[in-house]
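I have placed the structure first, in the form of structure tokens, so that the comments after it can refer back to it.
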Amino acid sequence: MEKCSAIILAGGASTRMGTDKAFLELDGVPLIARVLERVGALADEVVISANDAARFAALDVRVVPDVIPGAGPLAGICAGLEAVAHESAIVVACDMPLLNVALLDYMRAFARDYDVILPQTAEPARAAANQHDARRAKDLARHPLHAIYAKRCIAPMRDALARGERRMISFHDAVRVRVITPQEVAQFDPHGYSLWNVNTPEKW
């Protein structure tokens, strides 16, 4: 399998959490350290996407600022892809401490033939029935912050950002997308722990 990079998204303001999520501790280990360990098992290059490099000085990992500060994770991923050495990168958020390495490795195997590989944990039709909004349902059903992206996504991402888009799937029509079905996810992670993240004190 070809080598890959990894991009850890850590540029959010953690406003809902009220504290820096990256350095919350689980069993005495900061969340971002857990994420680094797990993606490091698959990637031989890891960067952190954030605009405040000083926050991460103790981790000895290269920090890449957003191409458009304040434009959200789409801008962070775009900047990360421009900075990394390999043609594809694992992209995850810094507050996902239960990442399933086997699931990510399975997803990575599709990188030769696809530009975006991301899991889906709910059928879009079911999500649409709950949300009454098909486009929003598509966003909810897929997990773009637990994904593999190719450098071929850079130009479509930049085009989307230039249009003022912030949605993570806004450029998908211009690239080859492989959705990992709920059934495929369940083979490796039946409870979906890999996709769990910390957004609020209640979840923590």
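At the far end of the sequence shown sits residue 184, using our numbering, and the numbering has no gaps. Heads up, the beta-carbon is just placed ideally off N, CA and C, and yes, glycines get one too. The structure displayed is predicted, hence computed values, not measured ones.
If we ignore side chains and look at the alpha-carbon of each, how far apart do Arg146 and Leu6 end up?
-> Approximately 31 Å between the Cα atoms of the pair.
Endpoints, the alpha helix (DSSP H) within which Glu(-18) is located = No alpha helix (DSSP H) holds Glu(-18); DSSP gives it neither H nor E.
Sort Ala127, Val159, Leu78 by Cα distance to His171 and report the nearest one.
-> Leu78
In the DSSP assignment, find the alpha helix (DSSP H) that holds Pro136 and state where it starts and stops.
-> 134 to 142
For the beta strand (DSSP E) containing Arg156, list its first residue and its last residue.
-> Boundaries for Arg156: no beta strand (DSSP E) harbours it, and the DSSP string shows neither H nor E there.
So, helix, strand or coil for Glu5, using DSSP?
-> If DSSP states are grouped into helix, strand and coil, Glu5 belongs with the strands.
Between the segment 60 to 73 and the segment 24 to 44, do three or more beta carbon pairs fall short of 8 Å?
-> yes
Roughly how many whole angstroms lie between the Cα atoms of Val71 and Glu164?
-> C-alpha separation (whole angstroms): 19 Å.
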